[in-house]
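Chemist:
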Amino acid sequence: MELINKDTPQVKEFISSLDSMLNGIESIVKHYKPQLNGERFLSNREVSKKLNVSLRTLQEWRDTGLIPFIQIKGKIIYRQSDIDKLLQKHYFESWKE
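In the numbering used here, the protein residues as written are 5 to 101.
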């Protein structure tokens, strides 16, 4: 009868596969964005990174009405679809080929 302990090759392989699954789950959770009624919402930081502008610029765009937003208490969020519309609205086709 063979003893099974933490140094047994099968146990090491099993633990390795569990670690691999855990890494996959952590990656999914880290990048998961919940949706509400099929709409994704982005934080100030996410929009700032996506548009490559400062948080101050976002504040100015909110103050001037350029960018739509939702504010609940001190938290500001943006609809992904509104950001996409803003980008599309300010998109210019290349006229040179």
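Every residue, glycine too, gets a C-beta built ideally from N, C-alpha and C. Computed from a predicted model, the values in this text were never measured in an experiment.
Using only the alpha-carbon positions, how far apart do K54 and F73 sit?
Modeler: Counted from its first residue, the sequence shown places residue 54 at position 50. Counted from its first residue, the sequence shown places residue 73 at position 69. Their Cα atoms are separated by approximately 15 Å.
Chemist: Thinking L62 and I71 are a contact (beta carbons under 8 Å), I'd like their distance in whole angstroms, please.
Modeler: Stepping through the sequence shown from its first residue, residue 62 is reached at position 58. Stepping through the sequence shown from its first residue, residue 71 is reached at position 67. L62 to I71, Cβ: 7 Å. Contact.
Chemist: Helix, strand or coil: which one does DSSP assign to K34?
Modeler: Taking the first residue of the sequence shown as 1, we reach residue 34 at position 30. Residue state, collapsed to three classes: helix.
Chemist: For a minimum of 4 consecutive residues, which ranges assigned as the alpha helix (DSSP H) are wholly contained in the stretch 46-87?
Modeler: Those alpha helix (DSSP H) runs which fall completely within the stretch 46-87 and span 4+ residues are 48-55, 59-67.
Chemist: Grab me the residues of R49's own chain with a C-beta within less than 8 Å of its C-beta, minus the 5 sequence neighbours each way, in chain order.
Modeler: As a position in the sequence shown, residue 49 is number 45, starting the count at 1. Counting only Cβ-Cβ distances below 8 Å, and skipping sequence neighbours, we find L59.
Chemist: Measuring alpha carbon to alpha carbon, tell me which residue in V51, E97, T12, V57 is nearest I80.
Modeler: The residue labelled residue 80 in the question sits at position 76 within the sequence shown. When only C-alpha atoms are compared, the closest one is V51.
Chemist: Please confirm if the stretch 31-45 is in contact with the stretch 82-96, defined as three or more CB-CB distances below 8 Å between the two stretches.
Modeler: Counting Cβ pairs under 8 Å, three or more are found: they touch.
Chemist: Would you tell me roughly how many angstroms separate the C-alpha atoms of L91 and L26, rounded to the nearest one?
Modeler: On the sequence shown, residue 91 is found 87 positions in, with the first residue counted as 1. On the sequence shown, residue 26 is found 22 positions in, with the first residue counted as 1. Taking the straight line from one Cα to the other gives about 37 Å.
Chemist: Within a Cβ cutoff of 8 Å, which residues of the same chain sit near N21, ignoring the five residues on either side of it in sequence?
Modeler: Here residue 21 corresponds to residue number 17 of the sequence shown, with the count starting at 1. Looking at the sequence shown, residue 21 is not Asn but Ser. None.
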